[in-house]
Amino acid sequence: MTQTNDISTEVGKSQKYVLNGSQLLTLACQQLETQVSLFEAGKILSACGLSDLNEYTPQQCDRFIEACTLIKQQGKTYQEIAIHFGVASSDDELIEKVHNLLGQVSSTQADLIRTALPKMAVEQLQEVKALFWRMTAKRLKKYVDSGQLEAEIRTASKSVLATSLGKYLGLLMPNSSPKKAKNLPG
């Protein structure tokens, strides 16, 4: 008998054995005749109110398999699974809980929050500043490494030299037709 058949037999109808996580996942895949990934299993465990345990009781196994069935065969969402098992609170209950938590904030805590906010803003600005300089340095390095900076410097220096040389030569060789000096009366 293979190990997967052993798991079916173990849980089967008697439900008297405790399973570890991999056995539970194997059993669910066997019973549903489909694959359940580890990621999906984690989300399903959470949706049906179970945590990641070393061992699962027969009742927990049944709960997990029922949740897998609802997801895989009936197309229910994780939210619907949570509501089905009474894990999720309604929106009104969640809003009420948030209001209660906010109401519990003391004036001392509010003052602490008010004093912490400017410090947090300064820290965030420092992070942005550091990120800006890192990005600028990275772009400058890329610009230098690509040879583009050197090419632009050469082009600019040739232009400056040509202009300077032209002016210098213009001073050495005045126009071939000298301007006549104006005759002063006298």
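So the number in our numbering is just where the residue sits in the sequence shown, counting from 1, plus 195. Positions of the beta carbon are idealized from the N, C-alpha and C atoms, including for glycine.
Three-state secondary structure (DSSP) at residue i?
i    : result
L248 : coil
K362 : helix
D201 : Low per-residue confidence applies at D201: pLDDT is 46, beneath 50, and the placement is therefore not dependable, though the value from the model is reported in the following sentence. Reduced to three states, the DSSP call for D201 is helix.
Kindly list the residues whose CB is nearer than 8 Å to the CB of residue i, restricted to its own chain and excluding five residues on each side of it in sequence; keep chain order.
i    : result
I239 : V231, F259, A262, C263, I266, Y273, I276
E250 : V213, L214, N215
F280 : A242, C243, G244, R258, A262
Within the same chain, show all residues whose beta-carbon is closer than 6 Å to that of residue i, passing over the 5 residues directly before and after it, in chain order.
i    : result
Q255 : L245
V282 : G244
**Asked** What are the uninterrupted segments assigned as alpha helix (DSSP H) that are 4 or more residues long and contained completely in the segment 260–287, given in chain order?
**Response** 273–279
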